Every structure is written in C-alpha cells, then in structure tokens.
Amino acid sequence: MFGSKKIGFIGSGNMASVLIKGILKAGLVEEKSVFASDIDPEKLDNLKSDYGINTVFKDNKKVVENCDIIVLAVKPQIMNRILSEIDENLDSSKLVISIAAGISTEYIDSLTSNDLKIIRAMPNTPALIMEGATAICPGENVSEDDLMLSREIFSAVGVVVVVDETQMDAVTGLSGSGPAYIFMMIEALSDAGVKMGLSRNVSMKLAAQTVMGAAKLQIETGMHPGRLKDMVTSPGGTAIAGIL
Numbered sequence: 001m002f003g004s005k006k007i008g009f010i011g012s013g014n015m016a017s018v019l020i021k022g023i024l025k026a027g028l029v030e031e032k033s034v035f036a037s038d039i040d041p042e043k044l045d046n047l048k049s050d051y052g053i054n055t056v057f058k059d060n061k062k063v064v065e066n067c068d069i070i071v072l073a074v075k076p077q078i079m080n081r082i083l084s085e086i087d088e089n090l091d092s093s094k095l096v097i098s099i100a101a102g103i104s105t106e107y108i109d110s111l112t113s114n115d116l117k118i119i120r121a122m123p124n125t126p127a128l129i130m131e132g133a134t135a136i137c138p139g140e141n142v143s144e145d146d147l148m149l150s151r152e153i154f155s156a157v158g159v160v161v162v163v164d165e166t167q168m169d170a171v172t173g174l175s176g177s178g179p180a181y182i183f184m185m186i187e188a189l190s191d192a193g194v195k196m197g198l199s200r201n202v203s204m205k206l207a208a209q210t211v212m213g214a215a216k217l218q219i220e221t222g223m224h225p226g227r228l229k230d231m232v233t234s235p236g237g238t239a240i241a242g243i244l
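Residue 232 in the UniProt record's numbering is what sits at position 232 of the sequence shown, and the numbering runs on without skipping anything.
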C-alpha cells in the first residue's frame, strides 16, 4: 500500500517514535521515507540515533511539503496553532492522520482551507511494546485505500478496529484509558499478595503475569470472560470466595 509514499510526523514524542519503530520494523517504509518535526532537538536527535531518521526538522512545514501522509502527533491544546501554521501546505492529495485525543475530523476540517482526507486515531500506551489497541475512524473525504493504509500503519504496533466517529469517546474511555484501570488492578492484586506475606517482587510478578495470561487466554480461545471465570470458580472454592 505504501509504495513510494512518504510519511511525516508532526510531533516526535513517545507515540510518534513508537509508530516510526513499528512501520520500519514491519518493512512498510524505508528510513529515507520517514520525516519528522519537533521543537525539542533532543527528540529529533533520538530519531536519528535510534532509527536512522535523518529527515528531521524544527519546521513543521518542511514535513508537510515533503510527505504524502501527515501524522499529527501533537497535544490537543496546540492543534489550532499547528494547523494554522501548516494549512497553506496541506492539500486534498495528502492523507492527514490525527492521534490527538478529543479532536474530531470535523474540527480539523474547520480549521483548514482544503477538503482534506482526515483520519482520527486513538492508540493506547501498550503500543510502546507493539501490543497496542487502536481505533480509527475516517472523515468524509477518506477512500477505502486511505483507510487500508491507516490500518497498515497502526497494525504495525498492535490490533486495529474501525469505528464510527460517534463512538470515539467510548473508545477513549475503554482502550485509551483502559491501561490505567489494568495497572490499578495489577497493583491491587500485588498489594493483596504482600498483605498475605509475599514479597513485593514476587507478588508483582505473579499479578502482572496473571493479568497478561488471562487476557491472552480470552483472546486465543475467543471464549466469553464469564465462561472462563466459571472454569476457575469451583463450588465452595477460593476463587468464588474472593469474588464475593
């Protein structure tokens, strides 16, 4: 799908770096086809040293001028300023992908001059280890090929689902914020182990592996979590006692 296309990242923080790592590892693009910009020179230096990306700039316009795919990897608070800055360089031939939380495709369209092809994406932090869950939704000018291209990009760092934009707030609460809930669960399980006399190191290791193993069991079997729970909870046993 990529062919000779060039992809540019405006903002070179953690998520941009992860996506760059993923698409390079998947062989979707070569280093020379990846561009990036950031106001922090250290982040740009890291892209050079970690991934061999030499087409890095402080000027966002240079990224837009040179690339077919533009990933907006900036904080929502500065989206207005960024779009105002690059608007004259954007045209309808470019695919714009935003990973800024809470920013709709309609909002981006309202701040730009041309009828852009815009895709909104919500990845989550497990993408940092290539185990992310990303939901994407297309704006009104997006073609099926554009959507497939976006799926390729985010599939390089985990699983991808396509949803209607009206569902993106729900996605943000579920998979976007979900890792925080799971980390609290791991911490709570570990605390309980410590309370019962286990060392923190042993307790944390068992808790984290239990959560990961249980999730993998559900994914690989496709069984309903309720059925899997019933497999663990024997009548009068310790599991059902813990649940109730």
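Even for Gly, the Cβ is constructed at its ideal location relative to N, Cα and C. This one's a predicted model, so the numbers in the text were calculated from it and none came from an experiment.
7 Å CB neighbourhood of D164 in its chain, flanking five on each side removed:
C137
Does the stretch 25-39 come into contact with the stretch 54-66, if we say contact requires no fewer than three beta-carbon pairs (one atom in each stretch) closer than 8 Å?
yes
Please state whether the Cβ-Cβ distance between M130 and G158 is less than 9 Å.
yes
Here's the rule I'm using: 16 or more other beta-carbon atoms within 10 Å means buried, otherwise exposed. How should M185 be labelled?
exposed
Take the Cβ of R200 as the centre, count every other Cβ of all protein chains shown within 10 Å, and call the residue buried at 16 or more, exposed below.
exposed
Do the stretch 115-128 and the stretch 91-99 make contact, defined as three or more Cβ pairs closer than 8 Å?
yes
If you measure between the beta carbons of S84 and K117, is that distance less than 9 Å?
no
State the start and end residues of the unbroken beta strand (DSSP E) segment that holds V162.
G158 to V162
Leaving aside the five residues before and after V171 along the sequence, list all residues of the same chain whose C-beta is less than 7 Å from its C-beta, in chain order.
M122, A135 and V163
Residues in the same chain with beta-carbon distance under 7 Å from S203, minus the five sequence neighbours each way, listed in chain order, please.
S190, G193 and V194
My output table needs one value for I7: the three-state DSSP class, helix, strand or coil.
strand
So the candidates are L111, I10 and L90; which of them puts its Cα closest to the Cα of L47?
I10
Starting from S98, trace the beta strand (DSSP E) in both directions and tell me its first and last residue.
L95 to S98
Of the residues A127, S12, Y181 and D50, which one's Cα is nearest the Cα of I70?
S12
Cutting at 6 Å between CB atoms, please list the residues of its own chain near V161, excluding the five before and the five after it.
A135
Bridge partners for R120 per DSSP, in chain order?
S98 and C137
So is L95 buried or exposed if we call it buried at 16+ other beta carbons inside 10 Å?
buried
Going by alpha carbons, who is nearest to P179 out of T112, M79 and G132?
G132
Taking the C-alpha atoms as reference points, what is the distance between T105 and G139?
6 Å
Taking A208 as the reference, which of I182, K229, D40 and T112 has the closest Cα?
I182
Using 8 Å for Cβ pairs, my map puts V74 next to I82. What's the rounded Cβ distance?
5 Å
Rounded to whole angstroms, what is the Cα-Cα separation between G8 and Y107?
21 Å
Would you check if the distance between the CB atom of L128 and the CB atom of V18 is smaller than 9 Å?
yes
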